[in-house]
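Encoded as structure tokens, the structure appears first; notes follow it.
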Amino acid sequence: MRLNLPEYTLLPMTNAAEASNRNATWQKHLWGCLRDNRSIIHISVLYIAILTLLVYNNFIWTVARPTDPSQILYSPAESTLEYETKVFPENIWTKSPYMTGGNGLPSNETDGLWDDLYKYGIVKVNAEEASNLPNSTAELPHESGFYVIEIDVFHQLHCLNYIRKALYPDRYMHEFRDAYDTEGKRNYSGHDARHYDHCIDSIRLAMMCHADISIIPWQFDPAKEYPTPKLEVAHTCRNFDAVHDWAKSRAVANEGALEWSPGLETDFNMLGGGVLALV
Ligand SMILES: *[C@@H]1O[C@H](CO)[C@@H](O)[C@H](O)[C@H]1NC(C)=O
Ligand SMILES: *[C@@H]1O[C@H](CO)[C@@H](O)[C@H](O)[C@H]1NC(C)=O
Ligand SMILES: *[C@@H]1O[C@H](CO)[C@@H](O)[C@H](O)[C@H]1NC(C)=O
Numbered sequence: 386m387r388l389n390l391p392e393y394t395l396l397p398m399t400n401a402a403e404a405s406n407r408n409a410t411w412q413k414h415l416w417g418c419l420r421d422n423r424s425i426i427h428i429s430v431l432y433i434a435i436l437t438l439l440v441y442n443n444f445i446w447t448v449a450r451p452t453d454p455s456q457i458l459y460s461p462a463e464s465t466l467e468y469e470t471k472v473f474p475e476n477i478w479t480k481s482p483y484m485t486g487g488n489g490l491p492s493n494e495t496d497g498l499w500d501d502l503y504k505y506g507i508v509k510v511n512a513e514e515a516s517n518l519p520n521s522t523a524e525l526p527h528e529s530g531f532y533v534i535e536i537d538v539f540h541q542l543h544c545l546n547y548i549r550k551a552l553y554p555d556r557y558m559h560e561f562r563d564a565y566d567t568e569g570k571r572n573y574s575g576h577d578a579r580h581y582d583h584c585i586d587s588i589r590l591a592m593m594c595h596a597d598i599s600i601i602p603w604q605f606d607p608a609k610e611y612p613t614p615k616l617e618v619a620h621t622c623r624n625f626d627a628v629h630d631w632a633k634s635r636a637v638a639n640e641g642a643l644e645w646s647p648g649l650e651t652d653f654n655m656l657g658g659g660v661l662a663l664v
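Printed below as a string of structure tokens:
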């Protein structure tokens with residue numbers, strides 16, 4: 386932005402009289418400009434614009450602190466954000482502990498590892514953190530001053546685990562409510578069917594939201610004798626362990642901590658939801 390005043394460049398001075406004359410003309414012109422209402426309006430608008438910018442900047446800084454451009458909205462876990470590169474292992478021929486065993490089915494160890502990924506997903510935040518949340522959330526029933534939230538990556542991992550279990554009915558059929566009928570046939574209209582449908586869509590949304598643009602190269606495959614895609618490459622990753630540790634240190638200890646007595650909407654203390662998306 387620039388003031389709407391004429392620009393002056395200094396000319397080489399021939400003598401003092403001419404210089405002083407030029408100064409006088411310049412001052413007269415400037416005063417003329419300032420007396421002109423339009424210029425006063427221009428200057429006022431500029432002043433207000435600068436003031437607004439300063440206040441707005443301060444607002445962003447204290448409320449949302451978007452230091453990481455991938456995190457426009459405030460999250461109480463944002464202090465954990467750090468990035469690293471991670472080489473994803475080959476996992477078509479090589480099994481990770483999160484995959485199936487020799488019999489083609491997952492094991493108790495596999496299940497334990499999956500459960501550990503998201504068992505601290507529901508956490509409590511204090512009143513100051515809660516008041517900055519993009520959406521309002523409820524105070525815990527037995528812990529005044531603390532508010533409950535779930536961090537979405539853990540919800541998404543829970544969802545992926547649910548879909549994983551749906552793929553191995555031999556092992557997990559008993560864990561489902563109404564996904565299978567008594568003969569082991571799939572029921573596509575029950576509560577469970579709605580749940581895994583929801584889970585697939587949540588993971589689709591998350592993957593598109595985070596749009597991993599890591600590359601998959603095509604390299605020579607000796608068995609096929611031509612290039613094929615290779616997945617064992619480095620990715621830019623958020624440090625999941627840091628998010629996990631943060632959640633663990635604030636986890637809602639047990640299900641009892643989430644047992645509310647039913648009541649009217651106005652019976653529950655809510656905080657947050659006042660700050661709009663800063664996009
Ligand atoms: C796996 O866990 C189930 C349920 O806890 C248990 O009944 C079973 O014995 C365990 N299997 C092995 C191989 O430890
Ligand atoms: C959360 O906030 C967003 C953005 O303002 C809004 O669109 C959405 O409806 C809210 N959701 C809930 C559950 O409050
Ligand atoms: C599917 O689930 C729904 C809801 O639980 C139930 O009403 C229905 O009887 C189930 N269908 C079969 C074929 O089991």
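Sequential numbering of the sequence shown, starting at 386, is according to this note's numbering.
The C-beta atom is built at its ideal place from N, Cα and C for all residues, glycine as well.
- No heavy atom of ligand 2 is found nearer than 7 Å to the CB of P461.
- For Q604, the enclosing beta strand (DSSP E) begins and ends at 603-606.
- The closest heavy atom of ligand 2 lies less than 7 Å from the beta carbon of N520.
- Judged by beta-carbon spacing, A515 lies within the 8 Å limit of Y532, meaning their Cβ atoms are closer than that value.
- Residue pairing for E535: DSSP places it in a beta bridge opposite I507.
- Straight through space, the alpha carbons of Y505 and H629 are spaced by roughly 7 Å.
- Membership of E513 in the alpha helix (DSSP H) is indicated by the continuous run 512-516.
- Rounded to the nearest angstrom, the gap between the Cα atoms of L649 and A512 is 22 Å.
- Per DSSP, reduced to three states, the secondary structure at Y547 is helical.
- With a cutoff of 8 Å on beta-carbon distance, T522 and I536 are scored as not near each other.
- DSSP, reduced to helix, strand and coil, places K471 within a strand of the structure shown.
- When distances are taken from the beta-carbon of N493 to the heavy atoms of ligand 1, the shortest one is below 7 Å.
- At a Cβ-Cβ threshold of 8 Å, N624 and E463 do not count as neighbours.
- Taken in chain order, the whole beta strand (DSSP E) runs of length 3 or more contained in the region 562-641 are 603-606, 611-614, 619-623.
- Between the C-alpha atoms of R635 and P612 there is a straight-line separation of about 48 Å.
- Applying a distance threshold of 6 Å between residue Cβ atoms and the heavy atoms of ligand 3 selects D563, D566, N572, S574, G575, H576, given in chain order.
- Inclusion of E475 and E640 in the CB contact set at 8 Å is not warranted, their separation being larger than that value.
- Taking 8 Å as the upper bound for CB-CB distance, K471 and A619 are in contact here, some 7 Å apart.
- The beta carbon of E560 lies closer than 7 Å to those of K550 in the same chain, with the five residues before and after it left out.
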